[in-house]
Amino acid sequence: MISFQKLGLEPTLLQAISDLGFKQPSEIQQKVIPMLLTETTDLVALAQTGTGKTAAFGFPLLQSIDARSRSVQGLILTPTRELCLQISNELRLYAKYVKGLKIVSVYGGASISEQAKTIRSGAQIAVATPGRLKDMIERKLLDISKIEYCILDEADEMLNMGFYDDIMNILSYTPKNKLTWLFSATMPSEVEAIARKFMMNPAQITVGARNTGIDTVRHEYYVVGGRDRYEALKRLADANPGIFSVVFCRTKRDTQKVAEKLIGDGYNAGALHGDLSQNQRDLVMGAFRKNQIQLLVATDVAARGIDVDDITHVINYQLPDEIETYTHRSGRTGRAGKSGVSMVIITRSEHGKIKRIEKKINQKFEEKPIPSGLEICEIQLYHLANRIKNTEIDEAITGFLPAIADVLEGLDRNELIKKIFTVEFSRYYSYYQKKRELNSGSVKSGAGDYSSNGDSVRFFINLGERDGFDWKSLKDFLKKKLNLERDDLYKVDVKDSFSFFNTDSAFSGQVVESLASFKLDGRTIKVEISNAPGSGRRSKGQKGRKRNYDASGPKKRSRGKSKKSGRPKNKQKKGFY
Ligand code: AMP
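So for the sequence shown, the numbering used here puts the first residue at -14; every next one is plus one.
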């Protein structure tokens, strides 16, 4: 076991490490710290957040800086304000016993003169976000022409957020003979370009699995009529009960409008755009971070600062004007080793854009139909069943039990279950029953038909995110377990504690047999054919539906019928589609 003492760190730093309770250096610290302490070298390190990378560059930096000098010697560039503050605070803890050391945090949305004052008072290390740093350099409030160490943290994220030009500009103010240490979770070509242009024979270190970022995000598109965008958005949210998403709109006005409509319809939504004050934006971001907001509706510019790791879906309510912007948007999900889904709502005429994006990102989109009303009801019911099963009982309820038992007297278990579920089900059922199909005719023929021979079966399985699966790992797991090829399994939709997947009907016997009496960690795994009509052969009957526009939806929180559900303008078929 390698100890911190063996890495060559000074006693002041070792004392701080001991205070922090770090027992053993992490993998990246073991590899990077001795190298940076003994070699004068540039470095490219591939490492995710949470690997201990701040300390990996932080300790060597603190040990190399002259704390008696009053000039900025070390610059750390970081994508967001939150990360800037986080790194500054970490470094202050590490530098607890380094006398005279000052760290300045340079980020937008706070007083520039206060930051300039700290620099003038003799800060040796600046931790900065690109926008504010560029501003301060141009206003001659910060001189980085004599720095000795330049650290680019989360380089891929900075580029994802559109800071390429800013970084190039900032680096042009730094001296040639400085050392550059670049940390990134992935190595897209733009990061490689920066490494080539600004670094000299950098040492290369990779920690953990090299994550290309490419197959952690699945790209899907949904074709709808232009007036149906909002309704489609709601369906996508309803079909994913655990959704934690950024919804991108093109303009501030649309952003505000969509957020307001969602809130009006009872969703946990919020708006983030440039017309809000910094204070309002902080409040929205704070609520989003605490998962109080499930759907954050944002413009591209405002979303730059979002550094939340567990975003499950990015929804492109409208496609961006610039194709590059799509990459920045989809990069908000599938972070920190997790997988994610980027969904795009388009009209038929926008299909060409999808083709162009596919070329740019070198990945294929999957065309999917907007979930039908009955599918949504089914998903919501399973979700409710699982929520009930997994809810920890609040003992405070015990005192009320006799009275509740009185009210429910005479109902048997089955009746009780039916009633409980009807309460929840009717909300979606009564709303979606009145709704027509939204898919406005697929772009390519047979879209939405996920089988090669048109005969597909949809399965339900009681494994989900809670069991540590995402769509990709569940697909891999099932493929192996069922002895199927990659293309034989499709439409893997992972929910909180259950999932759906499709196979061609030729494999359905194999699926049921292979998973009969299968146990995972002692739990019986159940697989059943999903009952939603159309869940298998979904392409049938999707074209030529009658128009019946109605933008309101089931009130998420309110019970009973939606007031806004309105009257159908065209005659409806009975039941579901
Ligand atoms: P980072 O990857 O730099 O964001 O670090 C993730 C977290 O791990 C931070 O909260 C650090 O304080 C903590 N950390 C860093 N190095 C160690 C270590 N060797 N032992 C325990 N915790 C650590």
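From the three backbone atoms N, C-alpha and C, an ideal C-beta is built for every residue, glycine too. Since we're looking at a predicted model, the values are computed, not measured.
Enumerate in chain order the residues of its own chain whose CB-to-CB distance from residue i is below 6 Å, with the five nearest sequence positions on each side excluded.
i: glycine 227; result: Asp481
i: asparagine 145; result: His313 and Gly316
i: leucine 127; result: Ile104 and Met121
i: leucine 156; result: Phe183
i: lysine 457; result: Ser324
i: valine 299; result: Val231, Arg314, Ser315, Arg317, Thr318 and Ser327
Helix, strand or coil for residue i? Go by DSSP, reduced to three states.
i: alanine 180; result: helix
i: serine 54; result: coil
i: asparagine 399; result: helix
i: histidine 564; result: This structure leaves residue 564 out entirely; the chain is present only between -14 and 562.
i: tyrosine 414; result: helix
i: asparagine 327; result: In the sequence under discussion, the amino acid at residue 327 is serine, which differs from the asparagine named in the question. In this structure, serine 327 counts as strand in the three-state DSSP scheme.
i: glycine 251; result: coil
i: glutamate 139; result: coil
i: alanine 80; result: coil
i: glutamate 513; result: strand
i: tyrosine 92; result: coil
i: lysine 504; result: strand
i: threonine 407; result: helix
i: glutamate 205; result: strand
i: phenylalanine 148; result: coil
i: proline 493; result: In the sequence on display, residue 493 carries serine and not proline. The answer is helix: DSSP assigns serine 493 an H, G or I state.
i: valine 269; result: helix
i: leucine 467; result: coil
i: leucine 423; result: coil
i: glutamine 189; result: strand
i: glutamate 352; result: strand
Classify residue i as buried or exposed, calling it buried when 16 or more other Cβ atoms lie within 10 Å of its own Cβ.
i: proline 64; result: buried
i: serine 427; result: With a pLDDT of 49 at serine 427, under the threshold of 50, the predicted position of this residue should be treated as unreliable, and no value is reported.
i: serine 589; result: Because the chain spans -14 through 562 in this model, residue 589 falls outside it and cannot be assessed.
i: glycine 59; result: buried
i: leucine 21; result: buried
i: glutamine 14; result: buried
i: lysine 554; result: Because the pLDDT of lysine 554 is 29, which lies under 50, any placement of that residue in the model is unreliable, and the number read from its coordinates should be weighed accordingly. The residue is exposed, with fewer than 16 neighbouring Cβ atoms inside 10 Å.
i: phenylalanine 503; result: exposed
i: alanine 390; result: exposed
i: serine 524; result: For serine 524, the predicted structure reports a pLDDT of 34, less than 50, and the residue's modelled location is therefore unreliable. A value from the coordinates is still provided. Buried, because 16 or more other Cβ atoms sit within 10 Å of the Cβ of serine 524.
i: glutamine 0; result: exposed
i: lysine 528; result: With a pLDDT of only 32 at lysine 528, under the threshold of 50, the placement of this residue in the model should not be trusted; the figure read from the coordinates follows. By the 10 Å Cβ count, lysine 528 comes out exposed.
i: lysine 345; result: exposed
i: threonine 36; result: buried
i: glycine 494; result: exposed
On the DSSP bridge assignment, give the partners of residue i in chain order.
i: asparagine 487; result: Arg443 and Tyr475
i: phenylalanine 168; result: Ala30
i: serine 230; result: Leu280 and His298
i: glycine 59; result: Ile110 and Tyr134
Leaving aside the five residues before and after residue i along the sequence, list all residues of the same chain whose C-beta is less than 8 Å from its C-beta, in chain order.
i: serine 3; result: none
i: alanine 370; result: Phe406
i: threonine 284; result: Phe233, Cys234, Arg235, Thr236, Lys237, Thr240, Leu257, His258 and Gly259
i: isoleucine -13; result: Gln9, Pro10 and Gln15
i: threonine 297; result: Asn225, Gly227, Ile228, Phe229, Ser230, Thr318, Gly325 and Val326
i: aspartate 292; result: Pro64, Thr65, Glu67, Leu68 and Glu142
Could you pull out every residue in the same chain whose Cβ sits closer than 7 Å to the Cβ of residue i, ignoring the five residues on either side in sequence?
i: aspartate 455; result: Lys323, Ser324 and Val479
i: glutamate 335; result: Leu304
i: histidine 368; result: Pro226, Lys480 and Asp481
i: serine 54; result: Gln109
i: leucine 393; result: Leu401
i: lysine -9; result: none
i: lysine 460; result: Leu474 and Val477
Considering only C-alpha positions, which residue in the set the options is nearest to residue i?
i: threonine 159; options: Ile104, Val57 and Thr376; result: Val57
i: serine 174; options: Ser490, Asp141 and Glu75; result: Asp141
i: arginine 421; options: Ile364, Gly210 and Lys275; result: Gly210
i: alanine 52; options: Leu86, Leu70, Gly37 and Leu46; result: Leu86
i: valine 512; options: Asp506, Ser484, Ser490 and Asp489; result: Ser484
i: lysine 338; options: Glu309, Ile355, Val192 and Trp166; result: Glu309
i: aspartate 213; options: Ile355, Asp397 and Asn468; result: Ile355
i: glycine 6; options: Leu47, Phe492 and Tyr79; result: Tyr79
i: leucine -6; options: Asp27, Gly319, Gln33 and Phe42; result: Phe42
i: threonine 114; options: Glu99, Thr383 and Ile72; result: Ile72
i: proline 187; options: Val202, Leu46, Arg398 and Leu164; result: Leu164
i: lysine 374; options: Phe444, Arg451 and Leu386; result: Arg451
i: leucine 137; options: Thr25, Gly249 and Ala32; result: Ala32
i: glutamate 360; options: Tyr414, Gln495 and Val329; result: Tyr414
i: leucine 167; options: Ile291, Thr26 and Ile97; result: Thr26
i: isoleucine 88; options: Glu75, Ile97 and Gly94; result: Glu75
i: leucine 505; options: Glu377, Ala95, Gly453 and Ile382; result: Gly453
Using a beta-carbon distance below 8 Å, is residue i in contact with chain D?
i: alanine 80; result: Absent from the structure: chain D. Only one protein chain is present.
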